[in-house]
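This report concerns only the one structure given below.
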Amino acid sequence: MNWVSVLPLESVRPAEEQQHIVLSGQRTDLEFMQEEAGQPDEGVARPVKLSNPATMCGIFCLVSPASSRFTWDKGIYEHLKRRGPDSSEDFIVSGSDPPYRCLFSAHVLHMRGLLTTQPLRDPAGNVLVWNGEVFGGLQVLPPENDTAVVLRHLSSCSDPSDILSVLSTVRGPWGFAYYQKSQDCLWFGRDYFGRRSLLWKYDQTLKALTLSSVGASPCEPGHSDSFRSQQFGTSGSGQSNACGPTQSSPRNPGSCVWQEVPAAGVYRIDLKSVVESGSPTIELYPWSQGGDDRVSACLETTQLPGPGSCIILKNPPDLLRSPVNPLNTTLNEQREREPIGEDPEELLDKIKKDQAVKGLIDVLSEAVRRRVQSLPNESQVGDHSSIGILFSGGIDSMMLAILAHRHVPDCQSIDLINVAFRQREAQKASAKKQKASKSQSETQTCNPFDVPDRITGKSGLKELQALAPERRWNFVEVDVTQEELQQARRQRISHLVHPLDTVLDDSIGCAVWFAARGKGFLGRDRDRVGFMSSAKVILTGIGADEQLAGYARHRVRFKTSGYQGLVQEIAMELGRISSRNLGRDDRVIADHGKEARFPYLDESVVSYLNSLPMRDKADLTLPRGVGEKLLLRLAARRLGLGPSAVLPKRAMQFGSRIAKMENGREKASDRCGRLLAE
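So, in structure tokens, the structure goes:
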């Protein structure tokens, strides 16, 4: 087998990038030439002495016959580079009998310490591109980089069970592609929850399989594909597969589309067989306790070229161990209703679940600590923050803020990023509301950005300032006009949300993109000054509603099916969260060279909540603002939070008013034409 460390620049870079690409920490042009002249390379990774073990990347891998010529899609390359603005590097490996080629590209966000470039390779010729963090499971000592540690463990593996054992051990978000030279195979996948984006597509014309952290919408200029969808069946060999005749996608007839790699398990491809057959056979090693629905969804929704393309489900399924405990399905006997008082805060204070509350505070606090300590810019003080929080003033973001305060040094500020979309006209309170209460005159405002989330955000800020007056809380008001929204969607957001395409994806994707950018204002009224958040890490509250029955649909299910139906609904929420939310939000946030972190989806938090019976987490016999996410609200009261602990759930698209900026009659599940037409 031939080994080439770096592709010729003209074959892998857009035209404007075909110059000098050596960055800090990379090898020199002389070293490139020495390798191509046949001089041996020691095959070791570049310096890995990094104070902080976290790594955020845009990763890319292309598998094709050696005869194929690859040209970068300019749009995808720029998307990847924005994810990792501090280092860009490409490697190619080639095999023979039959000849194949794997191009690896990695774009690294430098968090702290010495810059460590990717792709990484070892003396045996194995190659890893890793977009993730090791928060636990594998030991990463302070001088080490987590990517190098993962590669070292993978390199010691000889068979699939060993590799799956290593990946089962990792705690934290990840997406990866790993070339195992001795087996001529490629491993790839996402963590159990799909907290890092990874897309795939297959080009039937080029016989090329592509993996990427981010793709490009079919409407992007210069972007074209020839991907086809396919029906799936079951073989008689005892192994489930996804094979069948080629058909056009009902939404994209005859077109090539990116898809999210389902977080159903870890995938393996025999590279030689891909070249020999002209179509990929992909082995899927599913997560244990991942649920049949997750695997079935993978087989039913994944579009592959044909004929002969397959996803083969490898058995036994327990080779890849799930990182969380199974959901407790115990149904408590009906108990007397908790005493109901007129004041929601008083009602919360009468409910006693001390042990469960303490347990939640402990695991959630530790999850936040892992995500806010050892961050970049620690030497900076004042307005320059290391951490930002997507902040509405609701219970989820308030808990993240007060727990982050525990673990971030007092000299550092914390950015509370609050996004609002300009209302078309000042809203007026209805005559009925005016008569009921003069306090609701807050909706009669001349400020078109005083949306519900802005109002609750300011109230939440006052609570935090009262609880932690020594902390500098930067309340960042991100104001978005319709013109700004349309321009950003057309130029950036539509390609980041892709391949998702619903009205809800558009609304949430746009709101999160503007919030993560962090460009807004500090101060009030005439004292407002422009501000750009310096935080490279963004905490988000995703996962709280899904686990603690926070959505309105959970009350509907409870009314019709009781606790048994609610447990089933929560199990479904966790099973589909990777395909509905996390990949999209990772792509949108990372577009600013920032990293999304999800404390509510820490494996220890999920395991703890899964261990509790449903009634300890939510009691939907109680009123809104109390019964849903009951355990989290009790924890908030224990930590000293007041009115924010009883705020009812308000979806981001409504709280920020993006849903009313455009077509307010659309349904969330409708396909969004704005993502395609603009």
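Residue numbers (the numbering used here): 152 to 829. Every residue gets a Cβ at the ideal spot worked out from N, C-alpha and C, and that includes glycine.
Query, Result
"Measure the CB-CB distance between Ser364 and Gly326 and report whether it falls below 8 angstroms.", "yes"
"Hey, quick one: how far does the alpha helix (DSSP H) through Phe709 stretch, first residue to last?", "Ala703 to Ile728"
"Would you report the Cα separation of Ser473 and Gln633, rounded to the nearest angstrom?", "43 angstroms"
"Buried or exposed: which applies to Ala686, given that a residue is buried once 16 or more other Cβ atoms fall within 10 Å of its Cβ?", "buried"
"How about the segment 564–571 and the segment 596–604: do they share at least three Cβ pairs that are nearer than 8 angstroms?", "yes"
"Note the first and the last residue of the continuous beta strand (DSSP E) segment covering Arg801.", "Run containing Arg801: none; DSSP gives neither H nor E here."
"Which of the three DSSP states, helix, strand or coil, is assigned to Leu181?", "Note that Leu181 scores 26 on pLDDT, short of 50, meaning its location in the model is unreliable; the coordinates nonetheless yield the value given after this. Leu181: helix per DSSP, three-state reduction."
"Just to check my reading of the structure: Leu482 and Tyr714 have Cβ atoms closer than 8 angstroms, yes? What is that Cβ distance to the nearest angstrom?", "5 angstroms"
"Taking all protein chains shown into account, decide if Lys800 is buried (16 or more other Cβ within 10 angstroms of its Cβ) or exposed.", "buried"
"Looking at Leu673: is its Cβ nearer than 8 angstroms to the Cβ of Lys504?", "no"
"Asp737: which of Val244, Val278, Pro324 and Asp310 sits nearest, CA to CA?", "Pro324"
"Quick check: the Cα distance between Ile644 and Leu792, rounded to an integer number of angstroms?", "35 angstroms"
"Runs of 3 residues minimum, wholly inside the segment 233–302: which ones carry the beta strand (DSSP E) assignment?", "238–246, 251–260 and 278–283"
"Please list the terminal residues of the continuous beta strand (DSSP E) segment that includes Glu434.", "Thr432 to Pro437"
"Return the CA-CA distance between Leu499 and Lys780, expressed in angstroms with no decimal places.", "12 angstroms"
"Whose C-alpha, out of Ile606, Glu229 and Ser460, is nearest the C-alpha of Phe805?", "Ile606"
"Would you call Cys212 buried or exposed, if buried means 16 or more other Cβ atoms sit within 10 Å of its Cβ?", "buried"
"Just grab the DSSP bridge partners of Asp753 for me.", "In the DSSP output, where bridge partners are listed per residue, Asp753 has none listed."
"Which residues share a DSSP beta bridge with Glu411?", "Leu350"
"At what residues does the beta strand (DSSP E) containing Pro495 begin and finish?", "Where Pro495 is concerned, there is no enclosing beta strand (DSSP E), although the alpha helix (DSSP H) it sits in stretches over Pro495 to Lys501."
"Could you pull out every residue in the same chain whose Cβ sits closer than 6 angstroms to the Cβ of Ala819, ignoring the five residues on either side in sequence?", "Val654 and Leu655"
"Please determine, among Gly544, Gln642 and Arg677, the residue with the shortest C-alpha to C-alpha distance to Ser610.", "Gly544"
"Quick check on this structure: which residue in Leu279, Leu773, Met262 and Met207 has the alpha carbon closest to the alpha carbon of Ser537?", "Met262"
"Report yes or no: do the segment 419–426 and the segment 330–338 share at least 3 C-beta pairs separated by less than 8 angstroms?", "yes"
"Given this structure, state the Cα-to-Cα distance separating Glu628 from Arg679, to the nearest angstrom.", "10 angstroms"
"Would the beta-carbon of Val278 fall within 8 angstroms of that of Phe242?", "yes"
"Which whole-angstrom value is the C-beta distance of Val797 and Arg784, which I expect to be below 8 angstroms?", "7 angstroms"
"How big is the Cα-Cα spacing for Thr361 and Gln616?", "49 angstroms"
"Classify Pro324 as helix, strand or coil using the three-state DSSP reduction.", "coil"
"How is Cys336 classed by DSSP in three states: helix, strand or coil?", "strand"
"Please name the residue, chosen from Asp652, Glu496, Ala703 and Val707, that lies closest to Cys823 on a Cα-to-Cα basis.", "Asp652"
"Grouping DSSP H, G and I as helix and E and B as strand, with all else coil, what is Leu647?", "helix"
"In three-state terms, what does DSSP make of Gly824?", "coil"
"If you draw a straight line from the C-alpha of Ala639 to the C-alpha of His743, how long is it?", "13 angstroms"
"Look up Lys780 in the DSSP assignment and say whether it is helix, strand or coil.", "coil"
"For the candidate residues Met207, Ser256 and Pro274, whose alpha-carbon lies nearest to that of Leu266?", "Met207"
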